[in-house]
Amino acid sequence: MTAKRDRLTGAGAQLVTEVTINYGSSLAGLLIPVVGSPVVVAVRQLVMAITVLPFYRPKFVTFTRARLWPALMLGVVLAVMNLTFYESVDRLGLGVAATIEFLGPFAVALAASRRALDFVCAAAAAGGVFLLTWSDGTLDPFGIALALTAAAAWAGYILLTRRVATQLPGLEGITIASLVSLVLLVPLALVTVDYSKLNWGVIGLLVAVGVLSSAFPYTLDTFILRRITPRLYAIITSFGPVVAAVFGVLVLGETLLLQQQVAIVVVCAAAGAAIATQREQPVSDLERTARAIP
Numbered sequence: 001m002t003a004k005r006d007r008l009t010g011a012g013a014q015l016v017t018e019v020t021i022n023y024g025s026s027l028a029g030l031l032i033p034v035v036g037s038p039v040v041v042a043v044r045q046l047v048m049a050i051t052v053l054p055f056y057r058p059k060f061v062t063f064t065r066a067r068l069w070p071a072l073m074l075g076v077v078l079a080v081m082n083l084t085f086y087e088s089v090d091r092l093g094l095g096v097a098a099t100i101e102f103l104g105p106f107a108v109a110l111a112a113s114r115r116a117l118d119f120v121c122a123a124a125a126a127g128g129v130f131l132l133t134w135s136d137g138t139l140d141p142f143g144i145a146l147a148l149t150a151a152a153a154w155a156g157y158i159l160l161t162r163r164v165a166t167q168l169p170g171l172e173g174i175t176i177a178s179l180v181s182l183v184l185l186v187p188l189a190l191v192t193v194d195y196s197k198l199n200w201g202v203i204g205l206l207v208a209v210g211v212l213s214s215a216f217p218y219t220l221d222t223f224i225l226r227r228i229t230p231r232l233y234a235i236i237t238s239f240g241p242v243v244a245a246v247f248g249v250l251v252l253g254e255t256l257l258l259q260q261q262v263a264i265v266v267v268c269a270a271a272g273a274a275i276a277t278q279r280e281q282p283v284s285d286l287e288r289t290a291r292a293i294p
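Going by UniProt numbering, the first residue of the sequence shown is number 1, and it counts up by one from there.
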């Protein structure tokens with residue numbers, strides 16, 4: 001009974017983090033036209049770094065070049081992933097961008113598979129994305145390219161976290177990656193920001209995005225993953241695009257054609273089916289934080 005209660009508690013907590021992550025992304029969608037995506041991403045990374053550093057300070061004296069470079073690359077990928085995703089949100093809308101970006105981790109999950117079911121699910125997801133992006137020409141092709149770049153970067157992020165997890169203890173790797181991405185993004189943010197548009201309301205929303213999309217889900221993930229399996233974690237995560245689409249409509253006033261609504265459901269259902277039937281895999285500490293960072 002205790003195990004069942006813990007599982008239900010963990011699953012409920014993860015649903016809460018899905019809501020906060022995507023609500024934070026919808027607030028980012030409000031801010032991007034005002035201050036630009038580099039500023040939004042830089043502040044989000046700053047909040048993430050402030051959250052991580054007090055608990056996981058890297059011991060640089062113990063690093064060698066071979067151990068350090070994957071973490072540095074992870075920071076570069078992290079910056080690209082976040083920047084291209086928010087730029088695609090500005091051009092495509094939150095629901096469409098989040099669905100396309102989810103192809104990255106979905107591809108990683110299926111990469112080594114030889115099961116017929118997984119090929120069917122992959123084909124269904126590809127069809128869903130085609131349906132999602134096929135329109136009367138109103139969708140921005142560059143926005144689609146940005147979302148696909150974010151998807152590729154998310155896949156690279158997952159692969160790099162696996163390597164970093166074997167070379168650096170605890171969460172030192174993600175701490176270094178957060179600092180690297182911050183160093184890359186802050187100069188870009190300072191150059192592109194329109195300082196005349198900064199006020200306490202905008203600053204408050206920027207901090208809220210960082211808290212809702214990074215700090216809160218990151219700290220809660222440790223609680224969640226002690227109570228649910230990685231498979232259940234992945235299944236719940238696969239419904240993220242649906243949650244994103246709902247907040248896109250409620251917060252950003254986006255409208256989705258019926259075919260786009262069907263496409264988002266198809267992609268999520270294909271991912272959920274593929275992941276639900278996979279054998280259980282152990283998950284490293286770094287991989288556990290992957291959803292809290294994109």
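Ideal placement from N, C-alpha and C gives every residue a C-beta, glycine not left out. Please read all numbers here as calculations on a predicted model, not as lab measurements.
- A residue is called buried when at least 16 other Cβ atoms come within 10 angstroms of its Cβ; Pro141 does not meet this threshold and is exposed.
- Excluding sequence positions up to five before and after Ala107, its CB lies within less than 6 Å of the CB of Ala155, all in the same chain and listed in chain order.
- By a beta-carbon distance limit of 8 Å, Gly10 does not contact Ile235. Their separation comes to about 12 Å.
- By the criterion of a C-beta distance shorter than 8 Å, Leu139 is surrounded in its chain by Leu92, Val96, Thr133, once the five residues flanking it on both sides are discounted.
- Rounded to whole angstroms, the gap between the alpha carbons of Gly248 and Pro217 is 20 Å.
- Counting only runs that start and end inside the UniProt domain "EamA" (142-271), the alpha helix (DSSP H) elements of at least 4 residues fall at 172-192, 200-210, 216-224, 230-237, 240-250.
- For Leu139, there is no enclosing alpha helix (DSSP H), since its DSSP letter is neither H nor E.
- For Ser88, the three-state secondary structure derived from DSSP is helix.
- Of all C-beta pairs linking the segment 40-51 to the segment 115-127, fewer than three are shorter than 8 Å, placing the two stretches out of contact.
- Each residue's CA atom was taken as its position, placing Asp194 and Val34 some 8 Å apart.
- The C-alpha of Ala42 is placed about 21 Å away from the C-alpha of Leu148.
- Pairing Ala244 with Ala98 gives a Cβ-Cβ distance under 7 Å.
- Per DSSP, the unbroken alpha helix (DSSP H) holding Gln45 starts and ends at 37-52.
- The residue from Ile174, Arg227, Ser214 with its alpha-carbon nearest to that of Ala3 is Arg227.
- Just measuring C-alpha positions, the residue of Leu257, Ile275, Leu83, Pro54 sitting nearest Arg231 is Ile275.
- Taking a C-beta distance under 7 Å as the contact criterion, Tyr157 and Met81 qualify as a contact pair.
- Rounded to whole angstroms, the separation of the alpha carbons of Gly210 and Pro70 is 25 Å.
- In the DSSP assignment, Phe119 falls within the unbroken alpha helix (DSSP H) covering 116-133.
- Proximity to Val262 across Gly75, Gly127, Leu27, Arg5 peaks at Gly127, based on C-alpha coordinates.
- In the DSSP annotation of this structure, the continuous segment of the alpha helix (DSSP H) that includes Gly95 starts and ends at 94-101.
- DSSP places Thr20 within a helical segment (H, G or I) once states are collapsed to three.
- With a cutoff of 7 Å on beta-carbon distance, Ala177 and Leu250 are scored as not near each other.
- Taking 7 Å as the cut-off, the beta carbon of Gln259 is found no closer than this to the beta carbon of Leu103.
- Under the three-state reduction of DSSP, Gln14 is assigned to helix.
- Taking 7 Å as the cut-off, the Cβ atoms of Val39 and Ala189 count as close.
- Leu110 is a Cβ neighbour of Ala122, given a cutoff of 7 Å.
- Leu256 and Leu30 do not touch by the CB rule: their CB atoms are close to 18 Å apart, not below 8 Å.
- Taken through DSSP and simplified to helix, strand or coil, Ser25 comes out as helix.
- Tyr86 is positioned such that its CB atom lies closer than 7 Å to that of Ala28.
- Taking 7 Å as the cut-off, the beta carbon of Val186 is found no closer than this to the beta carbon of Leu72.
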